[in-house]
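A short worksheet on the structure shown next.
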Amino acid sequence: MFLPIMAYYIIFHYIPMTGAIIAFKKVQPGHGIYAGQWVGLKWFIQFFSSPFAARTIRNTVFISLYSILFGFPLPILFAVCIMQIDSGKFRRIVQTVSYLPHFISTVVLVGMITNMFSINHGIVNDLIAAMGGERINFLINPRWFRTLYVGSGVWQSFGFNSIIYIAAITGIDPTLYEAGKIDGITKFKEVVYITIPMISQTIVMLFIMQLGRIMSVGFEKVFLMYSTAVYETADVISTYVYRKGIESNNYSFGAAVGLFNSVINFAFVFVANQISRRLTDSSLW
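And the structure:
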């Protein structure tokens, strides 16, 4: 049983890592990754000297931080609230409804955003106009891009992400709650002093894993949502690499930026894990 799993990770995860060498070579399509000329740190220097490097890094980090700030606590809060529902049938209905957005494809989700926030026929602008306000062109306004991106992402994922917290809460010893009721604690104190501390290790581990994706904003959704009008706040590392690396056939440049992303993500995970180990005795390793 263990051998197939190990073979899978070796073949599809570890062996492909050898392809990272093209970040230090000049590779031409059709010549293979080992035939190119060594150029050292040329592609890294080219990226960091680009006038777009600071903008793409800033946008990537801001979108990720906003996603963590608004998207990470919500599944925890939702899971805690769900477990306060006494009716098992109603609880299952709420859980099922909250999971459904997770299964909406990115293309469909962006289509929904476009229809809802369209300046001409979008329901949001229709409501604004009905209340006497002036219609807002959300889709080409740089100030609204991050709000639309993060908000739609939180809506799509909070229900599904709450599953692991619900499972953790379910595993808490019921006698702890019974002892709390005997002591006369309120529901709020029950959550603060029993539920949250008992699932704190789960919260810490998932937070560390979330930090490991701080430089990896999803390409598909940004690519479908953005336009030249919102480049200032929407252009992230992955879309810049697509334009500069893929469309221009400069695969070595794309690999160099991808390697930079991976190193930064690993650094975040490593530092967060060390801090967590020292402060809470909870860590991934």
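Each step along the sequence shown adds one to the number in this note's numbering, with nothing skipped, and position 121 is 694. Ideal Cβ placement from N, Cα and C applies to all residues, glycine included.
query                                                                                                                                                                                   : result
Would you call the CB atoms of PHE620 and ALA626 closer than 7 Å?                                                                                                                       : yes
Going by Cα to Cα distance, which pick from ASP659, ARG850 and ASN632 is closest to TYR813?                                                                                             : ASN632
Considering only residues of the region 624-677, which uninterrupted alpha helix (DSSP H) runs meet the minimum length of 4 residues and lie entirely inside it, listed in chain order? : 626-644, 646-655 and 661-672
Distance, Cα to Cα, ILE819 vs GLY695?                                                                                                                                                   : 34 Å
Along the chain, where does the alpha helix (DSSP H) containing VAL743 start, and where does it finish?                                                                                 : This sequence places Thr at residue 743; Val is not what is there. First-last of the alpha helix (DSSP H) with THR743: 736-743.
GLN601 by DSSP, collapsed to three states: which one?                                                                                                                                   : coil
Measure the alpha-carbon distance for VAL842 versus VAL790 and round it to whole angstroms.                                                                                             : 16 Å
Which residue's Cα is closest to the Cα of LYS615: ASN834, ALA845, TYR607 and LYS599?                                                                                                   : LYS599
Counting only the same chain and skipping the five closest in sequence on each side, list residues whose C-beta sits under 7 Å from that of VAL809.                                     : THR629, ASN632, THR633, ILE636, VAL790 and VAL795
Is it the case that the region 735-751 contacts the region 645-653, given that we only count it when at least three CB pairs across the two stretches are under 8 Å?                    : yes
Quick one, which of SER849, HIS586, SER811 and SER730 has its alpha-carbon nearest VAL777's?                                                                                            : SER849
Report the start-end ranges of each beta strand (DSSP E) in the region 714-802 that is 3 residues or longer and not cut off at the edges.                                               : none
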